[in-house]
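Colleague: Quick note on the working numbering: the sequence shown kicks off at 122 and runs consecutively.
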Amino acid sequence: MKSRILFAIMLFVASVAQAQDDPTIMTINGQPVSRSEFEYSYNKNNSEGVIDKKSIDEYVDLFVNYKLKVQAALDAHLDTLSSFKKEFLTYRDQQIRPSFVSDADVEKEAKDYYDNLVKQIGPRGLFKASHILLRLNQKASQAEQDAVKMRIDSVYNALVQGTDFAALAQKVSQDPGSARNGGQLPMMGPGQTVKEFEDAAYALKTGEMSKPFLTPYGYHIIKMNERSQVPPYDSLHTNIVRYLEARGVRDKIVDDKLKAQVEASKGTLTTETILDKRAEEMQAQDADLKNLIREYHDGLLLFEVSNREVWDKAAKDDAGLAQYFKKNKKKYKWDAPRFKGIAYHVKDQKDVKAVRNCVKSLPFDQWAEQLRKTFNNDSTIRIRVEKGIFKQGDNKLIDREIFKQNVEVPETKGYPIDATFGKKLTAPKEFEDVRGLVTADYQDALEKEWVAQLRKKYSVVVNKDVLATVNKH
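1) By how many angstroms is the C-alpha of K577 removed from the C-alpha of L396?
2) So, for E425: in the same chain, excluding its five sequence neighbours on each side, which residues have a beta-carbon less than 8 angstroms away from its beta-carbon?
3) Rounded to whole angstroms, what is the Cα-Cα separation between G557 and T533?
4) To which residues of the same chain is A140 closer than 8 angstroms at the C-beta, ignoring the five residues directly before and after it?
5) Between R125 and K411, what straight-line distance do the alpha-carbon atoms span, to the nearest angstrom?
6) Taking the beta carbon of A290 as the centre, do at least 16 other beta carbons fall within 10 Å, making it buried, or is it exposed?
7) If you reduce the DSSP assignment to three classes, tell me which class Y340 lands in.
8) Taking only runs that begin and end inside the stretch 442-472, name each unbroken beta strand (DSSP E) of 3 or more residues, in chain order.
9) Pick helix, strand or coil for T211, following the three-state DSSP scheme.
10) Check for me: the beta strand (DSSP E) holding S168 runs from which residue to which?
11) Would you kindly check if the distance between the Cβ of I504 and the Cβ of E530 is under 9 angstroms?
12) If you follow the beta strand (DSSP E) that Q152 is in, where does it begin and where does it stop?
13) If L365 sits next to E230, beta carbons under 8 angstroms apart, how far is it from one beta carbon to the other, in whole angstroms?
14) With a threshold of 16 other CB atoms inside 10 Å of the CB of L575, please say whether the residue is buried or exposed.
15) Would you mind giving the Cβ-Cβ distance between A566 and N516, rounded to the nearest angstrom? I have them listed as a contact below 8 angstroms.
16) Could you say which of F485, D142, Y187 lies nearest to V572 if we only look at CA atoms?
17) Report the partner residues of M147 according to the DSSP bridge assignment.
18) For the alpha helix (DSSP H) holding F184, just list the boundary residues, first then last.
19) Look at P484 and L546 and say whether their C-beta atoms are less than 9 angstroms apart.
20) Just checking: is the beta-carbon of T392 within a distance shorter than 9 angstroms of some beta-carbon in chain D?
21) By Cβ distance, which residues of its chain are closer than 8 angstroms to N360, with the 5 residues on each side in sequence left out?
22) List the DSSP bridge partners of H252.
23) If you count every other CB in all the chains shown that lies within 10 Å of the CB of T541, and 16 or more means buried, which is it?
24) Which residue wins for smallest C-alpha separation from K494, given the options C479, E507, K508?
25) Tell me whether Q487, by its Cβ, gets closer than 8 angstroms to a heavy atom of the ligand ATP.
26) How long is the line joining the alpha carbons of I342 and E384, rounded to whole angstroms?
27) Could you give the DSSP three-state label for Q595: helix, strand or coil?
28) Compute the beta-carbon to beta-carbon distance between L335 and E319, rounded to the nearest angstrom, for a pair I have assumed lies under 8 angstroms.
29) Measure how close the beta-carbons of Y163 and V587 come, nearest whole angstrom, since I'm counting them as under 8 angstroms.
30) Quick check on the DSSP output: what are the complete alpha helix (DSSP H) runs of length 4 or more inside the stretch 472-558, in order along the chain?
31) So is R213 buried or exposed if we call it buried at 16+ other beta carbons inside 10 Å?
32) Mind checking which residues open and close the alpha helix (DSSP H) that includes V315?
33) Is R245 helix, strand or coil by DSSP?
34) Relative to the alpha-carbon of Q420, which residue among E208, D355, M147 has its alpha-carbon at the smallest distance?
35) Could you check whether the stretch 324-334 touches the stretch 173-186, counting it as contact only if at least three pairs of C-beta atoms, one from each stretch, sit closer than 8 angstroms?
36) Just to check my reading of the structure: Q491 and I538 have Cβ atoms closer than 8 angstroms, yes? What is that Cβ distance to the nearest angstrom?
Written out as structure tokens, the structure reads:
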């Protein structure tokens, strides 16, 4: 009981000390924001290499707007969405899970791997050999068997008489993978090849050659190049660790430890609660980690709420875009005329008029789909079409036909007849003509309106005295 009281007192003293070291720089909707959080955000967004650096006073407004949007997301309960929880916890756990693994844990895995390898290979050790293979189908007739046997015997006799093994393997071996390397096989150990081959190989000493023998693949002759035992652990340590790391040994260790803790708790703990506790402990000890995880948490919320209130909302609000364009039409001028229409290529002269008749009464954004359904809706492609709003230089056919430029138009193979259809515009007539620009401006307008509403909804109090100490304490 006394130990619990002592622990509580220590936590209280620590929290008081932390509050003194990290005072509240502002309060958003009654929620305190520490100086360290503001400094982390300011320093990260105004580091070396940042083009548009802000002064601390300039950054305050940006930071406040950011925190207001996050508060709006919290009030909308976006942090309770399963999609948000999954993405946030995936990121958070990437920062937390490595803390469960020590170098000693990885070392133990490496040593266990080596010990298992030695046990698997056993006293027979490893070998490196070359071979010559003459393939023989297991269902071969007796005549075919006799022919292959006669040929392998002749190969063996040639080798006995001094013919170079590598040169002969390149010439006659029917194992293409090794033949190109003079019959050379990779280092092998027990259980890595068929029993007949393995037994014949282990019967040889370094430098010896086998007589022809039969396996399910055909007839072989082996030349033993090297026999060895597994090298000492220290000589393989680096490669073993690299191999295990590449195969996710650290995740395996974490999963094993978490599983063991869950089982030991007899149902009082889950993997999630263990990770939650570890995250809380680590953030209490590491301010940078705490700020990094908070940044990701708030960033996800900011993205979701901004998408709902501004980006996606503006992109889908055609009526709002049209109204905004109409109100601000003078902003959207072109420095030169544009052609709004299509450049197309057909096989048959009658399709020139058919294309025009197909789309002339339709809104521009429906042309592409209607042309596809009418002319290219099966395996026969009757027309080739380029649709858009073109300026001079975008399309050679339009340059020649609409902008009256003296340019050579390359022929479209298989579609010898060229044509255009549409209108030449000196300025945008509707928001669709400059949709990208209008959407961006409309989003900016929506965001300003949204931020103004948030400023009215939530209280913001900035401690000027603490602000003056940023990066100076």
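Even glycine gets a Cβ: it sits at the ideal position worked out from N, Cα and C. These numbers were taken from a predicted model, which means no experiment stands behind them.
Modeller: This is what the structure holds:
1) 39 angstroms
2) A194, L199, L202, F205
3) 30 angstroms
4) Reliability fails at A140, whose pLDDT of 48 lies under 50, so the model's placement of it is uncertain and the value that follows must be treated cautiously. Closer than 8 angstroms at the Cβ level, and outside the excluded window around A140, lies no residue.
5) Here R125 scores only 38 on pLDDT, less than 50, and its place in the model should not be relied on; the value that follows carries that caveat. One C-alpha to the other measures close to 26 angstroms.
6) buried
7) strand
8) 459-467
9) helix
10) Premise fails: S168 is in no beta strand (DSSP E) and is neither H nor E.
11) Before going further, note that residue 530 is Val rather than Glu in the sequence given. Taking 9 angstroms as the Cβ cut-off, V530 and I504 do not qualify as a contacting pair.
12) 152-155
13) 6 angstroms
14) buried
15) A566 to N516, Cβ: 33 angstroms. No contact.
16) Y187
17) V154, V583
18) 177-196
19) no
20) Of the protein chains in the structure, only one exists, and it is not chain D.
21) none
22) I343
23) buried
24) C479
25) Annotation note on the ligand ATP: not contained in the displayed structure, which lists no ligands.
26) 55 angstroms
27) Outside the modelled stretch of the chain, which goes from 122 to 594, sits residue 595, for which no answer is possible.
28) In fact, because the Cβ distance is near 14 angstroms, the residues do not count as touching under 8 angstroms.
29) Wrong, their Cβ atoms sit about 13 angstroms apart, outside the cutoff.
30) 488-496, 517-522
31) buried
32) Note, V315: premise wrong, no alpha helix (DSSP H); not H, not E.
33) helix
34) Here the sequence assigns Gly to residue 420, which means Gln is not the residue at that position. Considering only alpha carbons, the answer is E208.
35) no
36) About 20 angstroms separates the two Cβ atoms, so there is no contact after all.
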